[in-house]
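Colleague: Right, I'll just put the structure down here and ask away after.
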């Protein structure tokens with residue numbers, strides 16, 4: 007009974023699905039040890055430029071994941 011009262015008092019959140027456009031980055035797998043997909047989101051679906059992609063690759067390479 008207490009559980010039902012608690013659930014009644016909780017507000018729910020509504021989420022909207024936002025479709026993304028994802029592109030696999032070929033040739034990156036050898037550099038970082040796995041695949042890399044970059045996704046862009048509406049409204050403009052802006053994709054990162056080559057400089058930003060290289061910065062992400064460099065950052066991933068610098069992580070100590072062992």
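Residue numbers (the numbering used here): 7 to 72. Note that CB positions come from ideal geometry on N, CA and C, so glycine has one too. Since the model is a prediction, treat every value here as computed from it, not as a measurement.
Excluding the 5 residues preceding and the 5 following residue 35 in the sequence, name in chain order all residues of the same chain whose CB lies nearer than 6 Å to its CB.
Modeller: Taken in chain order, the residues that qualify are 41.
Colleague: Among 63, 50 and 23, whose alpha-carbon lies nearest the alpha-carbon of residue 33?
Modeller: It is 63 whose Cα lies nearest to the Cα of residue 33.
Colleague: Considering only residues of the same chain and omitting the five flanking positions on each side of residue 37, which have a CB-CB separation below 7 Å?
Modeller: Answer for residue 37: 63 and 67, listed in chain order.
Colleague: Anyone know if the C-beta pair for residue 53 and residue 46 falls short of 7 Å?
Modeller: Closer than 7 Å, so yes.
Colleague: Taking the alpha-carbon positions, what's the residue 27 to residue 51 distance?
Modeller: So the alpha carbons of these two residues sit roughly 7 Å apart.
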